[in-house]
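Q: Residue numbers (the numbering used here): 316 to 515.
Where is the CB? At the ideal position from N, CA and C, for every residue including glycine.
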């Protein structure tokens, strides 16, 4: 992701945020290079629920300049951003074509000028690439899903091994792979994440 972050920084020198594969409400992965003053102000004032850019993210796919999104901004979120030197922004949103309900988005900032059409196209392509790459990495095998399903039912490793007629080390390997792909700390958390994402 380091090369990608450098590419985005060249396009959005005032900062950016990318949330990848957002399920219910949290991204599976994120890349945050927003100015700390903006993050602090945005968080302290709970602006995410009032942000017209975020409203656009969840109602659209593609890319747009902040100045073109046409959403109401009664809390003055964009005006507040401009007050911190973040005068120009762009937003991109991508959805999984398989319809898993996962969405990735990027919010990109400049202080000096509007984003050009070419820059918008590049940013949209980056968000789509990151979204699709992550979907491929997170693809669980049928064997991993089967092991997670038994894990979610509360079976112990020995019981799962007996149900699947495989060794305990094979069960551990399947659960470890699923855990890694889902970014979980434990097999139980992996099973919970998989259930939340409708994989079980």
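Pull up the CB-CB distance for residue 348 and residue 441, whole angstroms please, since I reckon it's below 8 angstroms.
A: Position 33 of the chain shown, counted from the start, is the residue given in the question as residue 348. Position 126 of the chain shown, counted from the start, is the residue given in the question as residue 441. 13 angstroms between Cβ atoms; not a contact.
Q: Which one or two residues does DSSP pair with residue 403 in a beta bridge?
A: Stepping through the chain shown from its first residue, residue 403 is reached at position 88. Residue 403 pairs with 425.
Q: Using DSSP with H/G/I as helix, E/B as strand and the rest coil, what is residue 408?
A: Taking the chain shown and counting its residues from 1, the one referred to as residue 408 is at position 93. Residue 408: strand per DSSP, three-state reduction.
Q: Put residue 460 into one of helix, strand or coil per three-state DSSP.
A: In the chain shown, counting from the first residue as 1, residue 460 sits at position 145. Here residue 460 sits in helix by DSSP.
Q: Is residue 420 buried or exposed, if buried means 16 or more other CB atoms sit within 10 Å of its CB?
A: Looking up residue 420 in the chain shown gives position 105. Flag for residue 420 reads buried.
Q: Taking 9 angstroms as the threshold (C-beta atoms), are residue 426 and residue 329 in contact?
A: For the purposes of this step, residue 329 is taken as residue 14 along the chain shown, with counting starting at 1. For the purposes of this step, residue 426 is taken as residue 111 along the chain shown, with counting starting at 1. Yes.
Q: So, are the CB atoms of residue 509 and residue 497 less than 9 angstroms apart?
A: For this step, residue 509 is matched to residue 194 along the chain shown. For this step, residue 497 is matched to residue 182 along the chain shown. Yes, these two residues count as a Cβ contact at 9 angstroms.
Q: Looking at C-beta atoms only, is the number of pairs between the segment 353–361 and the segment 373–388 that lie closer than 8 angstroms three or more?
A: Judged by Cβ distances under 8 angstroms, the segment 353–361 makes no contact with the segment 373–388, as fewer than three pairs qualify.
Q: State buried or exposed for residue 403, treating a residue as buried only when at least 16 other CB atoms are found within 10 Å of its CB.
A: As a first step, residue 403 must be located in the chain shown, where it is residue number 88. Buried, because 16 or more other Cβ atoms sit within 10 Å of the Cβ of residue 403.
Q: Going by the CB atoms, is the gap between residue 480 and residue 459 shorter than 9 angstroms?
A: Position 144 of the chain shown, counted from the start, is the residue given in the question as residue 459. Position 165 of the chain shown, counted from the start, is the residue given in the question as residue 480. Going by C-beta atoms, residue 459 is not nearer than 9 angstroms to residue 480.
Q: To the nearest angstrom, how far is it from the Cα of residue 369 to the Cα of residue 319?
A: The residue you call residue 369 lines up with position 54 of the chain shown. The residue you call residue 319 lines up with position 4 of the chain shown. For residue 369 and residue 319, the distance between alpha carbons rounds to 23 angstroms.
Q: Ignoring anything shorter than 4 residues or poking outside the segment 464–512, list the alpha helix (DSSP H) runs there in chain order.
A: Whole alpha helix (DSSP H) segments, 4+ residues: 472–479, 483–497 and 502–511.
Q: Hey, how far is the Cα of residue 433 from the Cα of residue 514?
A: Counting from 1 along the chain shown, the entry for residue 433 is found at position 118. Counting from 1 along the chain shown, the entry for residue 514 is found at position 199. Rounded to the nearest angstrom, the two C-alpha atoms are 37 angstroms apart.
Q: For residue 334, which three-state DSSP category applies?
A: Indexing the chain shown from 1 puts residue 334 at position 19. DSSP places residue 334 in strand when its eight states are reduced to three.
Q: Going by CA-CA distance only, name the one from 487, 489, 435 and 394 that's closest to residue 407.
A: For the purposes of this step, residue 407 is taken as the residue at position 92 of the chain shown. Comparing Cα-Cα distances from residue 407 to each of 487, 489, 435 and 394, the minimum goes to 435.
Q: Quick check on DSSP: helix, strand or coil for residue 329?
A: The residue you call residue 329 lines up with position 14 of the chain shown. Three-state DSSP puts residue 329 in coil, outside helix and strand.
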